[in-house]
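In my numbering, the protein residues as written are 218 to 335.
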């Protein structure tokens, strides 16, 4: 499975962006998908995740501001980001995982830059 992330850009504080992570094959729909981000000089951190069944979870700092969702027909997972602040500036990566009896399959998309100006 190949992942294509897009939707980043430059936005003013308080603004919104929607990131997309498109899977290359419909098998993507059975994967759990997560968004991570990495700010300059910091470690990559988990931001939000969605299971194949649609259950979601978020890091505390984005709860109420970010929404993760998936469109099965489009093999796409979205991250809707609102009320953005400079602290949200980072490269955002999508990650897909599927656990088999023998292995944990993990795939990463390329990053998409989000820059929030104050």
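Think of the CB as a built atom: it goes at the ideal place given N, C-alpha and C, for glycine as much as any other residue.
The beta-carbon separation of residue 265 and residue 296, rounded to 6 Å, stays under the 8 Å limit for a contact.
Between residue 274 and the set 258, 249, 256, 310, the nearest pair of CA atoms involves 249. Residue range 293-298 is occupied by the beta strand (DSSP E) that includes residue 293.
The Cβ-Cβ distance between residue 326 and residue 220 falls below 8 Å. When C-alpha distances from residue 334 are compared across 233, 286, 317, the shortest belongs to 233.
With a cutoff of 8 Å on beta-carbon distance, residue 236 and residue 324 are scored as not near each other. In this model, residue 227 and residue 332 are separated by some 5 Å (Cα to Cα).
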